[in-house]
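Chains A and B, in that order, give the protein sequences.
If you want the numbering used here, it's the position in the first sequence, counting the first as 1, plus 769.
If you want the numbering used here, it's the position in the second sequence, counting the first as 1, plus 769.
Worksheet for the structure shown next.
Protein chains: 2
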Amino acid sequence: MSVYFEALDWMFHPKSIAVIGASDRKPHIKDLFLNSQRNMGFQGPIYAVNAGGDPVSDYPTYKTISDIPGPVDHVILAVPAARVWEILQEVALKGVRSVTAFTSGFAESDDPAGHALQEKIRAWVQDQQFRFVGPNCMGLYCPETGLGFRPDLPSEQGAIGYVSQSGGMTITGIFMAAGKGLSFSKAVSYGNEIDVTSAELLRYLAHDPATEVVWAYIEGTRDGEDLLEAMRLVVRNKPLLVLKGGSTEGGGRAAASHTGAMAGASNIWRAAIRQTGAILVDNLEEMVDTTMALQWLPPGAGRRLCLACISGGLSVNYTDQSIQSGFEVPALSQSLVQDLRGLIDIPGTSLNNPLDLAAGFFQFQDYPTIFGTIDRSDEIDAMVMILALEYMQVHDSKAKYPDLHKLMRRLFTACRNEMSRPLIMVMPWVMAEEIRLEFEREFLKARFPTYPSMRRALIAMDNWSRYSSQRAPTDGT
Amino acid sequence: MSVYFEALDWMFHPKSIAVIGASDRKPHIKDLFLNSQRNMGFQGPIYAVNAGGDPVSDYPTYKTISDIPGPVDHVILAVPAARVWEILQEVALKGVRSVTAFTSGFAESDDPAGHALQEKIRAWVQDQQFRFVGPNCMGLYCPETGLGFRPDLPSEQGAIGYVSQSGGMTITGIFMAAGKGLSFSKAVSYGNEIDVTSAELLRYLAHDPATEVVWAYIEGTRDGEDLLEAMRLVVRNKPLLVLKGGSTEGGGRAAASHTGAMAGASNIWRAAIRQTGAILVDNLEEMVDTTMALQWLPPGAGRRLCLACISGGLSVNYTDQSIQSGFEVPALSQSLVQDLRGLIDIPGTSLNNPLDLAAGFFQFQDYPTIFGTIDRSDEIDAMVMILALEYMQVHDSKAKYPDLHKLMRRLFTACRNEMSRPLIMVMPWVMAEEIRLEFEREFLKARFPTYPSMRRALIAMDNWSRYSSQRAPTDGT
């Protein structure tokens, strides 16, 4: 294990980088691989290499990697496939520790020559002193050391470790997560997987102390049993969310022309992944939504929800949706309803579960006591606050409370302080989407899992509660 | 039929309105029922009535409805339940044509007196000359005549007719639809349904020429067979989307304390509604999403999708999601792929379905020809353009194209002009949600169904394509 861990840990902590194939005539390559490292704050030297020796503005440029006077730890290859073999020979002589290859045109292409070249490199690279990621990949993202593959990637360090066969899914996943205030420890777009495998990367993340939650986007792999074994290792240490690309025949065809992966019989794959204890998700949205719950909620395995709402109709429909998703919305005991009636006694409020706060909605000062009373009753496992902004007539309320979104954050933070159980926010999208976003950002800042629909909240909470209940025995609770 | 139609049509076209129970001391009531009509542009006199005779600023005020000198067509009751009986006697003498009652405290409450009073009114009102909507409801919304129940409701006239047992679901539905550029012909929140029934309202909308799509939110009803019969009538004329509240035991309990409705055995209800040919949806989001497709797409029953995307990984996952939702993403024929290769020949693009445009993504000028060529091939039934903004590096692109969102609207409008089949936009939410909204609004303006996730697009398209295929035989196609 430690040999794997160290080799890959070096890869994330190089002291110098060379980008082979960079030139001012290829601004896209320069942007992706030279400017990215600089923008991410990489501290060591960043060299440009191109065969013509054309100077690349802002970076020391050499004709070959051998010409670089100092040592080079990490190489990014961005040359055409036809030149890769020759350049790898020079790279090997330079004594680098790791290579990522952006170059495409290998097993993912229609070209038999590309398939043959990939095999030739694969056989050769096993005997080399360096590790090889790709080809046909974006490579490494690590905010801690300043590695990236787009100049606009977020520089915040976080706790998600992400292993992805697809560069696109890596980029979209990083930006989607950032939209909810979630950040990454490391992400690797590993493409055609001729040397460093998804299984190795997962083992690394299982042991990486900076990583608390692991994401994997997998299309296919050479050694399925090894991948499943690595998943089991991750699951023993931290939650693992897996998105399987090519889960259908059509998706498999797309995957073949994308990373050359044989996606394999989908039902078997999906069942096997589930058996490892990983959380199998259907799309990136679910990945992000579930991660908010995993990172920000206390563990909680029970499935009894209390819904608090300002609209009777919404509370009926949200109760239906909850029960159809396998949750309970139990009636509260008579004594608890009486206790609540003592706290908020306004005509039109319904104080059984779901709580329809109606006109009582604006009695904000009473919320912490109400939420605390329900929490202590032990009759529910989690509280869902449905903040339907169209009932707050936000424009009017904003006149009264110019910083209503901040007031709401403080209010629900006070509620949460009275509770030992999870509190989740649902703010359905409405007309004034910009105003909804203003509220959402405040809640995300305070680390409330916040969802734009009950359906998305329920999918995330289902994953979270299954994970919690699976952990319960080993936690001794 | 015509007697129903006319009585209800009068209700939507009153010449004068009185709000009983309005006063300056109840700004909420004044806002909901006096200011709403004025803001919506109601042209006739709007009277305030309160027993104390306190003048209500900006409105002519009377102690009783009998004191109003001219005729009164429509009455909105907003007095406590205990006073309703006495006031209805005066209303009957005035010769009004319709009454909506906001007042609650009837069969939806725990109070046996409320149940008894509702029965008493119900029996009496059958013999009166006016129609009664409610109690426990918000009443009527009609942009054409200027009727509403919140001063901030949109004043645009549209083609959705909405019958809803819940005031909250009416309000949320109207605002959600407005957020996507969809408007209403009429909406009625009808509450406890003691006189005017959901079935009557549906029959009215079936015949209403201003209504092209009908929405219904139903918790329960006294005469289920009559309601189903009315649904069948609507379906013969126009699409009907139904959301059933209280579809679960817990939801049924919530519905009972909301509108006093006995929601009834959910599976039987759901099966019976489906058999009418109505589209049964799970939530308001699905209602709005489906309506965009029904209103803006040409009819199309086939299920073969062509996906165009800029990211290989996303295109794999979106293909999986499509197939899991019962669509096909068929491989294109070799000759069609060759034709496309002639139009866009850039390394890294995959021109089989799903189309991974990759670096070819920015060859905008070629899109209309590409989309037209695929459309004419007859190999697919609908095109889904996945516009992943994180690949457009919007900030940079905006520097190059300061009005990129407008350029994109013109571009895809040009593509649509080359096509006879539907074109749908999917723009996944990312980090810069405000920028995504800017694009979304442009596409909505041009009446492209636009969805923030593939999942939501697929649910809407599934409903739309089922509706189209069900219509196909009667259309003779």
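The beta carbon of each residue, even a glycine, is placed where N, CA and C say it ideally should be.
**Q.** Unbroken beta strand (DSSP E) run spanning Lys1013 of chain B, endpoints
**A.** Taking the second sequence and counting its residues from 1, one reaches residue 1013 of chain B at position 244. Here the beta strand (DSSP E) through Lys1013 of chain B covers 1009–1013.
Q | Host beta strand (DSSP E) of Cys911 of chain B (start-end) | A | Position 142 of the second sequence, counting from 1, holds the residue named residue 911 of chain B. Segment: none, Cys911 of chain B is in no beta strand (DSSP E) and carries neither H nor E.
Q) Ordered along the chain, which non-local residues of its own chain (more than five positions away) have a Cβ less than 6 Å from that of Asp1135 of chain A? A) The residue you call residue 1135 of chain A lines up with position 366 of the first sequence. Cβ within range, chain order: Leu1112, Ile1113.
Q: Give the DSSP-derived three-state secondary structure of Thr1243 of chain A in the structure shown.
A: Residue numbering aside, residue 1243 of chain A sits at position 474 when the first sequence is read from its first letter. A caution first: Thr1243 of chain A carries a pLDDT of 48, below 50, which makes its placement in the model unreliable, though a value can still be read off. The answer is coil: DSSP assigns Thr1243 of chain A none of H, G, I, E or B.
Q: Would you mind telling me which residues of chain B sit closer than 8 Å to Trp1198 of chain A, beta carbon to beta carbon, in chain order?
A: Counting from 1 along the first sequence, the entry for residue 1198 of chain A is found at position 429. What Trp1198 of chain A touches in chain B: Met945, Gly948, Glu1054.
Q. For the segment 969–1019 of chain A, which segments carrying the alpha helix (DSSP H) assignment without a break, of at least 4 residues, lie completely within its bounds, in sequence order?
A. 993–1006
Q) Contact check, Met907 of chain A vs Gly1082 of chain B under 8 Å by CB: the rounded distance? A) Start at 1 with the first residue of the first sequence, and residue 907 of chain A comes out as number 138. Start at 1 with the first residue of the second sequence, and residue 1082 of chain B comes out as number 313. Actually they are not in contact, since the Cβ atoms of Met907 of chain A and Gly1082 of chain B sit about 10 Å apart, beyond 8 Å.
Q: Please confirm if Gly936 of chain A has its CB atom under 9 Å from at least one CB of chain B.
A: Here residue 936 of chain A corresponds to residue number 167 of the first sequence, with the count starting at 1. Output row for Gly936 of chain A: interface = yes.
Q) In the structure shown, what three-state DSSP assignment does Thr830 of chain A receive? A) By 1-based counting over the first sequence, the position of residue 830 of chain A is 61. Correct three-state label for Thr830 of chain A: strand.
Q. According to DSSP, what are the bridge partners of Met900 of chain B?
A. Here residue 900 of chain B is taken as the residue at index 131 of the second sequence, counted from 1. It should be pointed out that residue 900 of chain B corresponds to Arg in this sequence rather than to Met. Note: Arg900 of chain B sits in a beta bridge opposite B:Ser867.
Q.
Per the DSSP calculation, Gln926 of chain B is bridged to which residue(s)?
A. Indexing the second sequence from 1 puts residue 926 of chain B at position 157. BP columns for Gln926 of chain B point to B:Phe953.
Q. Are the C-beta of Lys1013 of chain A and some C-beta of chain B separated by less than 9 Å?
A. Stepping through the first sequence from its first residue, residue 1013 of chain A is reached at position 244. Lys1013 of chain A counts as touching chain B.
(Q) Against chain A, which members of the segment 1082–1116 of chain B pass a CB distance test of less than 8 Å? (A) Gly1082, Leu1083, Ser1084, Val1085, Asn1086, Thr1088, Asp1089, Gln1090, Ser1091, Ile1092, Gln1093, Glu1097, Val1098, Pro1099, Ala1100, Pro1116
Q) Whole alpha helix (DSSP H) runs in the segment 1067–1148 of chain B with 4 or more residues, listed along the chain? A) 1081–1093, 1103–1112, 1136–1146
Q.
So, with DSSP's three-state summary, where would you put Tyr1160 of chain B?
A. By 1-based counting over the second sequence, the position of residue 1160 of chain B is 391. Tyr1160 of chain B: helix per DSSP, three-state reduction.
Q) Excluding the five sequence neighbours on either side, which residues of its own chain have a C-beta within less than 6 Å of the C-beta of Val853 of chain A, listed in chain order? A) As a position in the first sequence, residue 853 of chain A is number 84, starting the count at 1. The answer, listed in chain order, is Thr872.
Q. Whose C-alpha, out of A:Thr1182, A:Gln1103, A:Ser1119, is nearest the C-alpha of Thr1138 of chain A?
A. Counting from one through the first sequence, the residue named residue 1138 of chain A turns up at place 369. Checking every option, the nearest Cα to that of Thr1138 of chain A belongs to A:Thr1182.
Q: Leaving aside the five residues before and after Ser1026 of chain A along the sequence, list all residues of the same chain whose C-beta is less than 7 Å from its C-beta, in chain order.
A: Residue mapping note: residue 1026 of chain A aligns to position 257 of the first sequence, counting from 1. Glu877.
Q. What residues from chain B crowd round Ser792 of chain A, counting only those whose CB sits closer than 7 Å?
A. Looking up residue 792 of chain A in the first sequence gives position 23. The premise fails here: Ser792 of chain A is roughly 17 Å from chain B at the closest Cβ pair, so nothing lies under 7 Å.
Q: Output, in sequence order along the chain, the residues in the segment 1179–1206 of chain A whose CB is closer than 9 Å to any CB in chain B.
A: Pro1197, Trp1198, Val1199, Met1200, Ala1201, Glu1202, Glu1203, Leu1206
Q: Report the partner residues of Met1194 of chain B according to the DSSP bridge assignment.
A: On the second sequence, position 425 is the one that residue 1194 of chain B refers to. Looking at the DSSP assignment, Met1194 of chain B forms a beta bridge with B:Met1154, B:Thr1219.
Q: Would you identify the three-state DSSP class for Tyr931 of chain B, choosing helix, strand or coil?
A: Against the second sequence, residue 931 of chain B aligns to sequence position 162. Strand.
**Q.** Under 9 Å between C-beta atoms of Ala928 of chain A and Phe944 of chain A
**A.** The residue given as residue 928 of chain A occupies position 159 in the first sequence. The residue given as residue 944 of chain A occupies position 175 in the first sequence. It is not a contact, given that the beta carbons lie outside the stated cut-off.
Q. Is it the case that the Cβ atoms of Thr1088 of chain A and Arg1022 of chain B are separated by a distance below 9 Å?
A. For the purposes of this step, residue 1088 of chain A is identified with residue 319 of the first sequence, where counting begins at 1. For the purposes of this step, residue 1022 of chain B is identified with residue 253 of the second sequence, where counting begins at 1. Closer than 9 Å, so yes.
(Q) With a threshold of 9 Å between beta-carbons, can Tyr986 of chain B be considered close to chain E, or not? (A) Reference to chain E is not applicable here, since the protein chains of this structure are A and B.
Q.
Please report the distance separating the alpha-carbon of Lys799 of chain B from that of Tyr1170 of chain B.
A. In the second sequence, the residue the question calls residue 799 of chain B occupies position 30. In the second sequence, the residue the question calls residue 1170 of chain B occupies position 401. The alpha-carbon atoms of Lys799 of chain B and Tyr1170 of chain B are separated by roughly 49 Å.
Q) What do you get for Lys1013 of chain A, buried or exposed, if any count of 16 or more other CB atoms within 10 angstroms of its CB means buried? A) For this step, residue 1013 of chain A is matched to residue 244 along the first sequence. Its Cβ being crowded by 16 or more others within 10 Å, Lys1013 of chain A is buried.
Q: Determine the extent of the beta strand (DSSP E) in which His843 of chain A is found, giving its start and end residues.
A: In the first sequence, residue 843 of chain A corresponds to position 74, counting from 1. Unbroken beta strand (DSSP E) run through His843 of chain A: 843–846.
Q) Under a three-way DSSP split, which group does Ala1023 of chain B fall into? A) For this step, residue 1023 of chain B is matched to residue 254 along the second sequence. The answer is helix: DSSP assigns Ala1023 of chain B an H, G or I state.
Q. In chain order, what residues of the same chain have a beta carbon less than 8 Å from the beta carbon of Ala1157 of chain A, not counting five sequence neighbours either side?
A. Stepping through the first sequence from its first residue, residue 1157 of chain A is reached at position 388. Cys1078, Ile1079, Ser1080, Leu1083, Met1196, Pro1197, Val1199, listed in sequence order.
(Q) Please classify Pro904 of chain B as buried or exposed, where buried requires at least 16 other C-beta atoms within 10 Å of its C-beta. (A) On the second sequence, residue 904 of chain B is found 135 positions in, with the first residue counted as 1. Burial call: buried.
(Q) Let me make sure I understand the geometry here. Which of A:Asp1125, A:Lys1007, A:Lys949, A:Asp964 has the alpha-carbon closest to that of His976 of chain A? (A) Locating residue 976 of chain A in the first sequence gives position 207, counting from the first residue. The residue with the shortest Cα to Cα distance from His976 of chain A is A:Lys1007.
Q) In terms of DSSP beta bridges, what is Leu1053 of chain A paired with? A) By one-based count along the first sequence, residue 1053 of chain A stands at place 284. In DSSP, Leu1053 of chain A forms no bridge with anything.
Q: Quick one: measure Cβ to Cβ for Pro783 of chain B and Gly813 of chain B, integer angstroms, because I've assumed they're closer than 8 Å.
A: Start at 1 with the first residue of the second sequence, and residue 783 of chain B comes out as number 14. Start at 1 with the first residue of the second sequence, and residue 813 of chain B comes out as number 44. Yes, they are in contact, since the Cβ atoms of Pro783 of chain B and Gly813 of chain B sit about 7 Å apart, within 8 Å.
Q | Other residues of its chain near Ser1016 of chain A: CB distance less than 8 Å, five sequence neighbours each side excluded | A | Translated into positions along the first sequence, residue 1016 of chain A becomes position 247. For Ser1016 of chain A, where only same-chain residues beyond five positions count, the Cβ hits under 8 Å are Ala1032, Ser1035, Trp1038, Arg1039.
Q. To which residues of the same chain is Thr1246 of chain A closer than 8 Å at the C-beta, ignoring the five residues directly before and after it?
A. Position 477 of the first sequence, counting from 1, holds the residue named residue 1246 of chain A. Legend: pLDDT at Thr1246 of chain A = 38, less than 50; position of this residue unreliable, value from coordinates given subsequently. So no residue of the chain qualifies.
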